[in-house]
Each structure stands twice: as structure tokens, then as C-alpha cells.
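With my numbering, letter number 234 in the sequence shown gets 220, and the count goes up by one each step, no holes.
Note that CB positions come from ideal geometry on N, CA and C, so glycine has one too.
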Amino acid sequence: MTNALEIEDVVKRFGNHVAVDGISFTVPRGVVYGVLGPNGAGKSTTLRMINDVVAPDSGRIQVLGLAPGAAAARQIGYLPEERGLYPKMFVAEMVQFMGELRGLSRAEAARRAARWLERLGLTRWAKNRVQDLSKGMQQKVQFATALIHDPELLILDEPWSGLDPINAEVLRSVVEEARAAGRTVLFSTHLMEQAEKVCDAVCIIARGKKVLDGNLAELRRAAAAHGRIALGFEDAAAKAKAQAGPLADPEIVAAVRAPAAADSQELVVELRSGVTSDALLAALLAAGGGLRRFEAVTPTLHQIFLDIVGDSAAVAERRDEALS
């Protein structure tokens, strides 16, 4: 069985700006795969090349065993980051029209449109014009237009943009249903929390370059193996004693950070390479203890992203995003 998607050494330039710089990754069939990165990273440009909206300057792209083009497009459902709806059309007609453009008969397109409007909680707005809906509701309409022809590959560019938590959960459940049905879902986002909830695998890019890719669970386990320990202390005195003793020892500790949640008696410690958690625990107990928590931390995708990408990519200029 071929992969759903193969990207090999793909480069795309816009004038002097290199939007995508030699990116390679493979997406197996039947998974949810996230292309992640800060604004201006090259995510949208990558998705547009897969959809044959723009052509790469070099490299190879294969979609469902085919080169990008008309044959592959018939098997793709695409939700672009920017709105692609006709504002004066009625909602039901908009979804039905897109189904007909995808080759469905008028009757079948109408039946499927009604089904998707109900699934996404849009039935009561079926006879409203698209322009009368909020941005979040329009996003759900566009989601229906991408799914109406039951595509084998669903490509979503920033799909949760403008959605409140309830509607974001609806879209996540639809993505999970698509995966359960054996379809492949590829999406881009800079929202790591959303990606972590649905992704099987990810590719993280920054300033046009791939910095990490792989199975998400394996990436988190590998990051946890680097030795990050959450510590909690009984009181401020116990914390101060630890900070002046073992936690200040560069032979044991590489870094000390405040926890994600505000708690004055907690810290997160990154061990020096080669140092075990047992060694840190022994040193803390020898220094007087006072511990109420000692726990190995499995980092979130957000933390992995920050550790790998760093602040430099996070401040990518907004003008780059127009090209990415």
C-alpha cells in the first residue's frame, strides 16, 4: 500500500524569500498528521503545493500514489486558511454546490449537504446567507464543503481558526471519525494544544525548515528520557535549602524552571545528561528532604515545540505568513 503523502526535498521561493526550504516527510494512510510551526514557518505554502495551488521549485510530491493535479484533487478535501465561500449564497446551497462541483448529482449533493449541516449543528442556519454567519460558523460551513464528497485525504489549513471551545470539539470529533473510517487527515496549525489532542504524528517546521518529525507518542517519550523532574516542597524553607544545595549543583542539574501552573513551592528540574532521577532524589534527601512531590515529567507537545523551535522562530514576521 502506498503512503497517503510523500514529500521529498521540496523547495519553494517567492522572490528572495525561501518559504519552504528542502522539507521532507511521509504520511502513512489512515492517520492524523499535523504540520506544525509558528506563523511564517511555511505551513500553508506546503499544503498549497500538495493541493497543486502552487508548484514547488524543486523536489518531489506524491499524493495517494499520484503527482499533484486533477486526478489527485478528486480524492482530496481541502479547507484553506482563508475563506473560500460565496457570501451571498444560502448555507445549504453553498454546501450542495460544492458537492456538485466534486461530481455528485444534485440529489446526492443535497442529501449529503443536509447530513453534514446536521452533523455540524448548522441545520437551523441552512436558509441563511453565508455572510450572515459568524466567522466560526462560516468555518464550519467550509468544513462541510471539504468533506461532502467523502475524500480519501482531508487537508485542513488552520481548521480551528475562529472556533469557540465547543465547536472546536465538534471538529475534533469529526477528524477522529475520519481517521476511524480509514481516511487520512493532514492539517496545519500553530496551536499545539489542539494538535496534541488528535495527532498520531507530526512534522514541526520553522522558517521553512523541518526541525522534527515522527510519531507523537514516541517523540514525547524521547523528550521525557532527557530527564525532566517535577518537584514539590513542603514549605519555602525546604525549597530554599534544595535550591542552595543539590539544585545548584551543575554536575546534577542542567536547568531549573518554574512549573507551568503557578505554585510557589514547585519547580521543574532538567537533569544533566547522564544523571539519573535516583541520583537527584538521593541528593535531595541527603540535603534534608522536605519533598512532597517527585515526578518524572512527560513534556507536552507545546513544551517540545518551545524547546526545539525556541524564541527565534516564534517571532517570525507576520509578512512571511502571507507567503506561507
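- For the region 119 to 175, the full-length alpha helix (DSSP H) segments reaching 4 residues or more read 121 to 133, 151 to 166 along the chain.
- Here G85 is buried, its C-beta having at least 16 other C-beta atoms within 10 Å.
- Under the 10 Å beta carbon count, T175 is surrounded by 16 or more other beta carbons and is classified as buried.
- The DSSP-derived three-state label of K183 is helix.
- Taking 8 Å as the cut-off, the beta carbon of H135 is found closer than this to the beta carbon of G63.
- Boundaries of the alpha helix (DSSP H) around R101: 92 to 105.
- Comparing alpha carbon positions, the residue from E182, L257, A222 closest to E204 is E182.
- In the three-state reduction of the DSSP assignment, Q48 falls in the strand class.
- Residue state for A282 is assigned as strand, using DSSP reduced to three classes.
- In the assembly as shown, Q180 is a buried residue. Its beta-carbon has 16 or more other beta-carbons within 10 Å.
- Approximately 19 Å separates the beta-carbon atoms of Q124 and R88; this is outside 8 Å, ruling out the contact.
- The three-state secondary structure of T(-12), taken from DSSP, is coil.
- Apart from the 5 residues on each side of it in sequence, A78 sits with its Cβ closer than 6 Å to the Cβ of A99, A112 in its chain, given in chain order.
- Nearest C-alpha to K227 among W146, L139, Q251, T170: Q251.
- When the alpha-carbon of G20 is set against those of M178, V(-3), V156, V160, the nearest one is in M178.
- The C-beta distance from S30 to K196 rounds to 15 Å, too long to meet the 8 Å contact threshold.
- Just so you know, the alpha carbons of I238 and D221 end up roughly 23 Å apart.
- Of the candidates K225, A223, V127, V127 places its Cα closest to the Cα of G107.
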